[in-house]
Amino acid sequence: MIPFTQRVIELIHEIPRGQVCTYRQLAIMAGSPNASRQVAWILHSSSAKYDLPWHRVLNSKGNIVLSTEEGQLEQRTLLLREGVPFLSDFQVDLDQCLWHPHSIKK
DNA sequence: AAGGTGACTGATG
DNA sequence: GCATCAGCCACCT
Numbered sequence: 041m042i043p044f045t046q047r048v049i050e051l052i053h054e055i056p057r058g059q060v061c062t063y064r065q066l067a068i069m070a071g072s073p074n075a076s077r078q079v080a081w082i083l084h085s086s087s088a089k090y091d092l093p094w095h096r097v098l099n100s101k102g103n104i105v106l107s108t109e110e111g112q113l114e115q116r117t118l119l120l121r122e123g124v125p126f127l128s129d130f131q132v133d134l135d136q137c138l139w140h141p142h143s144i145k146k
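Quick note, the first sequence lines up with residues 41 to 146 if you use our numbering.
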């Protein structure tokens with residue numbers, strides 16, 4: 041059985057350029073709908089280690105939510121460079137760029 | 001083995 | 001829309 045963490049990491053790798061995903065969505069796809077905090081924890085602890093496109097992961101409202109200010113700025117820069125549309129400085133337009141891999145239920 | 005820790009989320013006032 | 005609150009869960013000490 042594939043561990044939850046590895047599952048999430050694989051999913052993040054599948055996020056296409058120019059599109060984004062939410063913590064919750066990843067948790068759902070990884071099989072634990074309510075483990076969004078754990079998804080965040082994974083990003084926090086092993087984004088560099090597994091070479092993840094961590095910048096394509098946002099919270100449920102499409103906001104950039106990082107613990108550090110530098111991180112926020114960096115994420116915004118990376119997303120802008122991929123052509124992701126922003127509604128405001130730190131909020132992307134989920135309607136336009138949310139990743140739809142399969143059917144996601146709410 | 002028990003308790004702590006998040007880059008979270010939805011409900012509520 | 002903003003602030004609080006209380007669930008949530010896999011991983012780390």
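C-beta: ideal position from N, C-alpha, C; glycine also. None of these values were measured; they are calculated from a predicted model.
For F44, there is no enclosing beta strand (DSSP E); the residue is part of the alpha helix (DSSP H) that begins and ends at F44 to E54.
Pairing P43 with L83, the inter-Cα distance amounts to about 15 Å.
T45 has its alpha-carbon roughly 30 Å from the corresponding atom of D129. Leaving aside the five residues that flank I104 on each side, the residues in its chain whose CB is nearer than 7 Å to its CB run, in chain order, L98, Q112, Q115, R116 and F130. In the structure shown, T108 adopts coil according to DSSP, grouped into three states. Distance check between W81 and each of W139, Q136, H140 and S107 places S107 closest, using alpha-carbon atoms only. Secondary-structure assignment with DSSP links S128 through a beta bridge to Q131. T62 has L98 as its beta-bridge partners, per DSSP. Following the DSSP letters along the chain, one finds A80 inside the alpha helix (DSSP H) bounded by residues S76 to S86.
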